[in-house]
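**Q**
There are 2 protein chains.
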Amino acid sequence: MIDLPFLSDICRTTPSKIVLLVADGLGGAPHPDTGKSELETANLPNLDALAGESSCGLTTPVMTGITPGSGPGHMALFGYDPIKYLMGRGVLEALGIDVELGPGDVSSRGNFCTLDGDGLLVDRRAGRIPTAESAPLVELLDQIEVPGVSLSVYPVQDYRFVLVIRGEGLDDGVSETDPQVVGEAPLVPHALNESSRKAAEVVKAFAAAAQEVLGGRDRANMVLLRGFSKLPHLPDFGESYSLNPGAVAAYPMYRGLAKLVGMNVIPTGRSFDDELDTLEKNFDKHDFFFLHYKPADAAGEDGDFEAKVKCLEELDERIPRLRGLGPDVLVVAGDHATPAIMAGHSWHPVPVMINSDLTKGDGSPAFHERSCSTGSLGRLPATELMLLAMAHAGKLVKYGP
Amino acid sequence: MIDLPFLSDICRTTPSKIVLLVADGLGGAPHPDTGKSELETANLPNLDALAGESSCGLTTPVMTGITPGSGPGHMALFGYDPIKYLMGRGVLEALGIDVELGPGDVSSRGNFCTLDGDGLLVDRRAGRIPTAESAPLVELLDQIEVPGVSLSVYPVQDYRFVLVIRGEGLDDGVSETDPQVVGEAPLVPHALNESSRKAAEVVKAFAAAAQEVLGGRDRANMVLLRGFSKLPHLPDFGESYSLNPGAVAAYPMYRGLAKLVGMNVIPTGRSFDDELDTLEKNFDKHDFFFLHYKPADAAGEDGDFEAKVKCLEELDERIPRLRGLGPDVLVVAGDHATPAIMAGHSWHPVPVMINSDLTKGDGSPAFHERSCSTGSLGRLPATELMLLAMAHAGKLVKYGP
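Top line first, the protein sequences correspond to chains A and B.
Just so you know, my numbering puts 82 at position 82 of the first sequence, and the rest follows in order with no gaps.
Just so you know, my numbering puts 1342 at position 342 of the second sequence, and the rest follows in order with no gaps.
Below you can see the structure in the form of structure tokens.
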């Protein structure tokens, strides 16, 4: 949580409603042929109109030059110092599928992979097998037993699952088994520190048992495990800001993140339209909503400039519906940039806008990197965005006499 | 080094090459008659073209309003907090002429000066006597002995030398003997704290002996001593960024600075053309180069606007040669501004540009203060520049899941 000793003194609960729309991987970078970024290339009449009556700027997720994962990127937007509060992928994934975690449990992200006859990786994602094929395999893995601990394996989606190890004396300093390249064998996990020895032995035993159970198959005949992690201790989002927060996110990882900071995660469907349905139905139940839009990031990660442009246009089409709900404060932000020309996350500052009754006379001509760079918000650390949203919502009282 | 607990986790070694060209005193200020700065006045076709396909911005070397010396200015560009890692001029000067310093040694910058018959300063630099004249005088000074310590005096160039005091119980809190104005006598050095008493007594004895040895001469008949300092403890640049850094600098002080942070200082000649020869010959030996261009600063310090413009144009002419080497990332930066209208260093933010394959669609119309102020990098602390250079070179992996 943002390091303000007097934060709890100046936050107050009011009927006003804040919607924080996080467009994952929102920011981009200019295409070398056109000199225009994805946002500049896209036709975004609704976002541009919103920018015309919003305060615009650019957020820095972590620090200049630092490329954040989705975890640090979202933590920053929620106001948590992403350097202080780093958390593991295993924990996020587990929370995203509603697994109850205790403070001593070690979670790991897992996925099925395919080995050749020599035990070398030919596909790190086992052909992205569908859930229908992976579900029975997860059940097999869930029956694996290792003495001294309790193991649970949960399906996530397609080729992905979560392994949770419960027991005494477990720590999460365990090296991952994914070599990150094909043509090599899965790595043997080892302890990265003294206190993680037991957990490392358990993971090793589980991986060996998994190979035995799955080994007869043509594909999805082994597992890769990474992101070993325990629950971090985080200040509660709602308590910190005196808010009653609701989270609407189709993807497990973002639900997990929201749950981790204590938001009420509202069940929703798989698409952004489902998310908007959920938001509409629950709009009177909370005074803050975290709403997540995933597709633009995925297209950027694929290095598909045109697809990312299209995903941004699809988001744009849904802005009127969102505005129709009449949030007092609407924030459009991104957790990080995902420039298609890089086919991955990047360090670039991310466009942001805040719309409220106070910003009708402010505004930038369009919603993209270049116009936001001269917007009235300037550049700000992403961790400060929540304070601005709270301020526009009338939820922050004066500091000091 | 920039204060990121996870820096070593995200740096990786790759074949890509970074060149950090530091144009000393690069930034300027508008001339009152034309409203144009030195960079705006100069004809810089190559730098402007580079800006057209680079990400541009302005760096703040230390802090708003703070005028840095060359030491802090360079330390910041290398990513070291210049407030935390302050170092003395004596140490820099000693390292620049390849003097081996131990952790307890106190170094001082020295120069010959001329006193009149009453012992008052008439020339603080003794008419800038050439090395041919000063070398035998340095030998005389080197023979001075003070009980309890070992003294060494080394020639630097022209009227300048270095005094190194070696022995037990020395600290560097000694006041300088240069009154900074003519018409006054050299100051008597004194201890600025308890632990520096011994060193202060040694300096006092040395200064008295120097006056005795040189006193019979018409000019260069006394010395001035300042910048008393010991080696600071600095994190290693190459280790911190996982780089194999080479430094090419004609002037001793900048070589000293590079050596201090652990760079490999490559022997070179006296001109920037010599430096470019050296860079070319060694380009395959390192993945990072610090390349120093001095003349613009010297012209600015002389208050010669036209001369500084000319020095910038001379740098511009050499940019094609530099680009011809094909660095993956080329950064053009300055350690501080040296506006000719101030005839000295200043606090003004300094133009900067980063060129890489990722910046081809970005760019500013020219390379000067005004155009860079609206560049896509915005304003950034100089300490963050290395992170950006590393990011553009693909040498920083993602932080967090």
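Every residue, glycine too, gets a C-beta built ideally from N, C-alpha and C.
1. Cβ of residue 1401/B less than 7 Å from any chain A Cβ?
2. Once you ignore the five residues that flank residue 105/A on each side, which residues in its own chain have a CB closer than 6 Å to its CB?
3. Tell me whether residue 1278/B sits in a helix, a strand or coil according to DSSP, three-state version.
4. Among 189/A, 171/A, 234/A and 145/A, which one has its Cα closest to the Cα of residue 85/A?
5. For the segment 1174 to 1193 of chain B, which residues have a beta carbon sitting closer than 8 Å to at least one beta carbon of chain A?
6. Please confirm whether residue 1309/B and residue 1042/B have their CB atoms less than 7 Å apart.
7. Mind the definition here: the segment 342 to 353 of chain A touches the segment 47 to 56 of chain A only if three or more C-beta pairs lie below 8 Å; say whether that holds.
8. By the criterion of Cβ-Cβ separation under 8 Å, what are the contact partners of residue 1391/B in chain A?
9. Nearest CA to the CA of residue 1381/B: which residue from 1078/B, 1323/B, 1032/B and 1070/B?
10. Can you grab the Cα-Cα spacing for the pair residue 21/A / residue 258/A, in whole Å?
11. Under the DSSP definition of a beta bridge, which residues are partnered with residue 68/A?
12. Can you give the Cα-Cα distance for residue 1219/B and residue 1060/B, rounded to whole angstroms?
13. Mind checking if residue 1017/B is an interface residue toward chain A, Cβ cutoff 7 Å exclusive?
14. Contact criterion: CB-CB distance below 7 Å. Does residue 30/A meet it with respect to chain B?
15. Mapping the DSSP letters down to three states, classify residue 151/A as helix, strand or coil.
16. Take residue 1082/B and list the residues in its own chain whose beta-carbon comes closer than 6 Å to its own, dropping the five residues that flank it on each side.
17. Excluding sequence positions up to five away, which residues of its chain have a Cβ less than 8 Å from the Cβ of residue 93/A?
18. How far does the alpha helix (DSSP H) with residue 1203/B in it reach, from first residue to last?
19. Please report the Cβ distance between residue 16/A and residue 394/A, rounded to the nearest whole angstrom; I am assuming they are in contact, meaning their Cβ atoms lie under 8 Å.
20. Within 7 Å of any Cβ in chain A, is that where the Cβ of residue 1378/B sits?
21. In this structure, what does DSSP give as the bridge partners for residue 222/A?
22. Name the chain B residues whose beta carbon is nearer than 7 Å to that of residue 86/A?
23. What are the residues in the segment 250 to 275 of chain A lying within 7 Å of chain B by C-beta distance?
24. Any C-beta of chain B sitting closer than 7 Å to the C-beta of residue 232/A?
25. Going straight from the alpha carbon of residue 1277/B to that of residue 1243/B, what length do you get?
26. To the nearest angstrom, report how far apart residue 328/A and residue 1024/B are at their CA atoms.
27. Just to confirm, is the Cβ distance from residue 1225/B to residue 1177/B under 7 Å?
28. Reducing DSSP to helix, strand and coil, say where residue 1031/B ends up.
29. How would you list, in chain order, the residues of chain A whose beta-carbon sits under 8 Å from the beta-carbon of residue 1005/B?
30. Less than 7 Å between CB atoms is the rule here; does residue 89/A satisfy it with respect to chain B?
31. Quick one: which chain A residues come within Cβ less than 7 Å of residue 1360/B?
32. Which residues share a DSSP beta bridge with residue 1059/B?
33. Throw me the rounded Cβ distance for the residue 1207/B and residue 1182/B pair, which I believe falls under 8 Å.
34. Run through the DSSP bridge pairs and tell me what residue 292/A is partnered with.
35. Against residue 341/A, what residues of chain B qualify as contacts under a CB-to-CB distance less than 7 Å, listed in chain order?
36. Less than 6 Å between C-beta atoms, sequence neighbours within five positions excluded: which residues of the same chain meet that for residue 88/A?
**A** The structure says:
1. To locate residue 1401/B, count along the second sequence from 1; it is residue 401. With 7 Å as the cut-off, residue 1401/B counts as an interface residue toward chain A.
2. Along the first sequence, one-based indexing puts residue 105/A at 105. Same-chain partners within the cutoff: 164 and 166.
3. For the purposes of this step, residue 1278/B is taken as the residue at position 278 of the second sequence. For residue 1278/B, the three-state secondary structure derived from DSSP is helix.
4. Numbered from 1 along the first sequence, position 85 holds the residue referred to as residue 85/A. The option with the nearest alpha carbon to residue 85/A is 234/A.
5. none
6. By 1-based counting over the second sequence, the position of residue 1309/B is 309. By 1-based counting over the second sequence, the position of residue 1042/B is 42. At a Cβ-Cβ threshold of 7 Å, residue 1309/B and residue 1042/B count as neighbours.
7. Because the criterion of three Cβ pairs below 8 Å is met, the segment 342 to 353 of chain A and the segment 47 to 56 of chain A touch.
8. In the second sequence, residue 1391/B corresponds to position 391, counting from 1. The answer, in chain order, is 65, 66, 67, 346 and 347.
9. Position 381 of the second sequence, counted from the first residue, corresponds to residue 1381/B. Ranking 1078/B, 1323/B, 1032/B and 1070/B by Cα distance to residue 1381/B puts 1078/B first.
10. Mapped onto the first sequence, residue 21/A falls at position 21. Mapped onto the first sequence, residue 258/A falls at position 258. When rounded, the distance between both Cα atoms is 13 Å.
11. Counting from one through the first sequence, the residue named residue 68/A turns up at place 68. For residue 68/A, the beta-bridge partners assigned by DSSP are 1399/B.
12. Your numbering for residue 1219/B matches position 219 in the second sequence. Your numbering for residue 1060/B matches position 60 in the second sequence. Roughly 41 Å separates the two Cα atoms.
13. Walking along the second sequence from the start, residue 1017/B turns up at place 17. It does not: the Cβ of residue 1017/B has no partner Cβ on chain A nearer than 7 Å.
14. As a working note, residue 30/A is residue 30 in the first sequence. By this cut-off, residue 30/A is an interface position.
15. Translated into the one-based positions of the first sequence, residue 151/A becomes position 151. It is a strand residue.
16. Here residue 1082/B is taken as the residue at index 82 of the second sequence, counted from 1. Only 1062, 1072, 1075 and 1076 meet the Cβ criterion.
17. Here residue 93/A refers to the residue found at position 93 when the first sequence is read from its first residue. Excluding sequence neighbours, residue 93/A sits near 107, 109, 156, 160, 162, 227, 252, 253 and 256.
18. Sequence index remark: in the second sequence, residue 1203/B carries index 203 (1-based). Where residue 1203/B is concerned, the enclosing alpha helix (DSSP H) stretches over 1197 to 1214.
19. Taking the first sequence and counting its residues from 1, one reaches residue 16/A at position 16. Taking the first sequence and counting its residues from 1, one reaches residue 394/A at position 394. That pair is a contact at about 6 Å.
20. Taking the second sequence and counting its residues from 1, one reaches residue 1378/B at position 378. Yes, contact with chain A.
21. Here residue 222/A refers to the residue found at position 222 of the first sequence. 113/A, per the DSSP bridge assignment.
22. Stepping through the first sequence from its first residue, residue 86/A is reached at position 86. Close partners of residue 86/A in chain B (Cβ separation under 7 Å): 1400.
23. none
24. Here residue 232/A refers to the residue found at position 232 when the first sequence is read from its first residue. Answer no: the Cβ-Cβ gap between residue 232/A and chain B never drops below 7 Å.
25. Mapped onto the second sequence, residue 1277/B falls at position 277. Mapped onto the second sequence, residue 1243/B falls at position 243. Cα-Cα distance, rounded: 22 Å.
26. Translated into the one-based positions of the first sequence, residue 328/A becomes position 328. Translated into the one-based positions of the second sequence, residue 1024/B becomes position 24. Rounded to the nearest angstrom, the two C-alpha atoms are 51 Å apart.
27. Along the second sequence, read from residue 1 onward, the residue named residue 1225/B stands at position 225. Along the second sequence, read from residue 1 onward, the residue named residue 1177/B stands at position 177. Result yes, Cβ atoms of residue 1225/B and residue 1177/B sit closer than 7 Å.
28. Within the second sequence, the letter at position 31 stands for residue 1031/B. Reduced to three states, the DSSP call for residue 1031/B is coil.
29. The sequence position of residue 1005/B within the second sequence is 5, counting from 1. Near residue 1005/B (Cβ distances below 8 Å), the residues of chain A are 83.
30. To locate residue 89/A, count along the first sequence from 1; it is residue 89. By this cut-off, residue 89/A is an interface position.
31. Indexing the second sequence from 1 puts residue 1360/B at position 360. The contacting residues are 32.
32. Reading the second sequence from its first residue, position 59 is the one you call residue 1059/B. DSSP, once it has assigned bridges, lists 1350/B and 1380/B as partnering residue 1059/B.
33. Your numbering for residue 1207/B matches position 207 in the second sequence. Your numbering for residue 1182/B matches position 182 in the second sequence. For residue 1207/B against residue 1182/B, the beta-carbon gap comes to about 18 Å, at or over 8 Å, which does not count as contact.
34. Position 292 of the first sequence holds residue 292/A. The partner list for residue 292/A (beta bridge, DSSP) reads 22/A.
35. Indexing the first sequence from 1 puts residue 341/A at position 341. Under the 7 Å cutoff, chain B gives 1358.
36. To locate residue 88/A, count along the first sequence from 1; it is residue 88. Within the same chain, residue 88/A has close Cβ partners 227 and 229.
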